[in-house]
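Chains as they are written, first to last, in this note's numbering: chain A, 39 to 182; chain B, 39 to 182.
2 protein chains.
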Amino acid sequence: MFSKSCEYGIKATAYIAVQAKNSNRVSLKEIAKAIDSPVAFTAKILQQLARTGIIDSVQGASGGFEIRHSQINKIKLSQIVSAIDGDNIYKGCGLGLNACNAKKPCPVHYKFQKIRDELKDMLESTTVEDLTLGLKNGHTYLKR
Amino acid sequence: MFSKSCEYGIKATAYIAVQAKNSNRVSLKEIAKAIDSPVAFTAKILQQLARTGIIDSVQGASGGFEIRHSQINKIKLSQIVSAIDGDNIYKGCGLGLNACNAKKPCPVHYKFQKIRDELKDMLESTTVEDLTLGLKNGHTYLKR
DNA sequence: TATTCACAGGATTTGGAGAACATCTTTTTT
DNA sequence: AAAAAAGATGTTCTCCAAATCCTGTGAATA
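Laid out in structure tokens, this is it:
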């Protein structure tokens with residue numbers, strides 16, 4: 039469904055948000071450990087997220103990553119996905135055709151459109167805060 | 039969404055079905071040309087589909103691939119997907135966790151489950167015949 | 001029965017995403 | 001100002017899906 043990068047991006051953002059709620063700034067290492075991801079690779083993804091303004095990075099000793107409290111309930115999953123995987127999930131043809139659209143649809147175009155639209159709605163109506171709720175009370179997990 | 043193999047598999051099956059309705063048996067080359075896919079790679083995928091009984095292959099001169107008329111409206115998209123990609127699409131975790139299930143769900147588990155269930159329903163309720171209809175009257179396409 | 005056509009299937013190569021490594025830059029602390 | 005902590009960036013390595021190659025086998029037909 040999503041690329042590995044995107045999966046890590048979502049998990050990392052969720053973890054940072056949980057810690058930000060406790061006013062903790064977290065380091066790259068801590069994040070990688072918490073979401074069980076390769077450190078160096080995670081660094082690149084966090085950079086992408088920081089550049090697009092989804093998370094904030096602070097350099098230097100006692101630096102790390104954080105998210106402004108006011109942003110936690112505003113960041114939508116769709117933003118993270120777009121930042122990392124682009125909008126191919128919404129636009130891409132189910133059968134991989136380059137020019138698949140309403141004018142020249144592939145045989146499964148409309149059936150897939152329905153699914154994709156629902157996926158889009160879901161991603162646009164789910165905020166990072168939604169993800170933190172289950173994590174805080176231990177009902178959901180980021181590892182294993 | 040699907041692997042390239044799977045995309046080719048669906049397109050090939052649809053094409054073979056259209057031709058089978060006209061009582062034409064089609065060769066590997068013709069199929070590859072019709073769906074704009076690499077010949078050798080397509081051969082492998084057709085082998086898989088033939089082995090699982092979704093399509094029939096006939097060796098020798100004037101051989102090729104075909105589908106029994108009585109099967110065209112019975113073969114479901116889900117069968118093709120399972121034969122090539124397995125059932126990872128239904129089971130796989132949205133965030134790539136190995137052990138993501140109702141007992142230890144990831145933060146997006148239930149939201150994704152809904153989408154996946156709908157995808158499953160769609161694939162199970164769409165037959166190869168459904169795909170052939172648009173192709174025959176020129177409303178849908180397999181190339182470009 | 002020899003030839004040719006066409007699929008079967010094992011072995012191999014290629015390309016790109018994912019992962020790891022090394023180095024440079026910035027910021028904080030002392 | 002120097003050292004330490006941490007992010008930024010470029011390069012390399014690895015692995016698997018994607019694609020190809022080559023040889024084997026079966027069927028038609030002359």
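C-beta atoms are modelled at their ideal positions from N, C-alpha and C, and glycine is treated no differently.
Only a predicted model underlies this, so the values are computations on that prediction, with no experimental measurement involved.
Given a cut-off of 9 angstroms on the beta-carbon distance, is the pair residue i and residue j in contact?
i	j	result
T164(A)	L115(A)	yes
Y179(B)	P143(A)	yes
L84(B)	A50(B)	yes
I113(B)	I122(B)	no
A88(B)	E167(B)	no
V64(A)	A52(A)	no
Q109(B)	G47(B)	no
M39(A)	G132(B)	yes
L157(A)	I127(B)	no
F79(B)	S43(B)	yes
K59(A)	K181(A)	no
P145(A)	G172(B)	yes
In terms of DSSP beta bridges, what is residue i paired with?
i	result
T165(B)	K114(B)
Just mark residue i as buried or exposed, buried being the case when its beta carbon has 16 or more other beta carbons within 10 Å.
i	result
G102(A)	buried
V119(A)	buried
V96(B)	exposed
G91(A)	exposed
K149(B)	buried
A70(A)	buried
G98(A)	exposed
H147(A)	buried
I134(B)	Note that residue 134(B) is Gly in the sequence shown, not Ile. By the 10 Å Cβ count, G134(B) comes out buried.
E162(A)	exposed
Should residue i be listed as close to the ligand NAP, given that the test is whether its C-beta is under 8 angstroms from any heavy atom?
i	result
K67(A)	Annotation note on the ligand NAP: not contained in the displayed structure, which lists no ligands.
Inset, instruction - For the stretch 135-148 of chain B, enumerate the residues whose C-beta is nearer than 9 angstroms to any C-beta of chain A, in chain order. - result: Per Cβ criterion, the list reads L135, N136, A137, C138, K142, P143, C144, P145, V146, H147.
Inset, instruction - Give, in chain order, every residue of the stretch 79-92 of chain A whose Cβ lies closer than 8 angstroms to some Cβ of chain B. - result: Answer set for the stretch 79-92 of chain A: empty.
Legend entry - Those runs of the beta strand (DSSP E) which lie wholly inside the stretch 65-148 of chain B and span at least 3 residues: Runs of the beta strand (DSSP E) lying entirely within the stretch 65-148 of chain B, each at least 3 residues long, are 94-96, 102-104 in chain order.
Inset, instruction - Please list the residues of the stretch 96-120 of chain A that have a C-beta atom closer than 8 angstroms to any C-beta atom in chain B, keeping them in chain order. - result: Against chain B - using a Cβ distance shorter than 8 angstroms - the residues of the stretch 96-120 of chain A are L115.
Legend entry - the stretch 155-172 of chain B: positions lying closer than 7 angstroms to chain A by Cβ: Those would be E156, L157, M160, T164, L169, G172, in chain order.
Inset, instruction - Could you name the residues of the stretch 42-55 of chain A whose beta carbon sits closer than 7 angstroms to any beta carbon of chain B, in the order they occur along the chain? - result: Under the 7 angstroms Cβ criterion, the stretch 42-55 of chain A contributes K42, E45, I48, K49, A52.
Inset, instruction - May I ask you to list, following chain order, the residues of the stretch 53-73 of chain A that have a beta carbon less than 8 angstroms from some beta carbon of chain B? - result: Listed by position, the residues of the stretch 53-73 of chain A near chain B (Cβ gap below 8 angstroms) amount to none.
Legend entry - Under 7 angstroms (Cβ pairs) to chain B, residues found in the stretch 122-134 of chain A: For the stretch 122-134 of chain A, the set of residues with a beta-carbon nearer than 7 angstroms to any beta-carbon of chain B comprises G132, L133, G134, in chain order.
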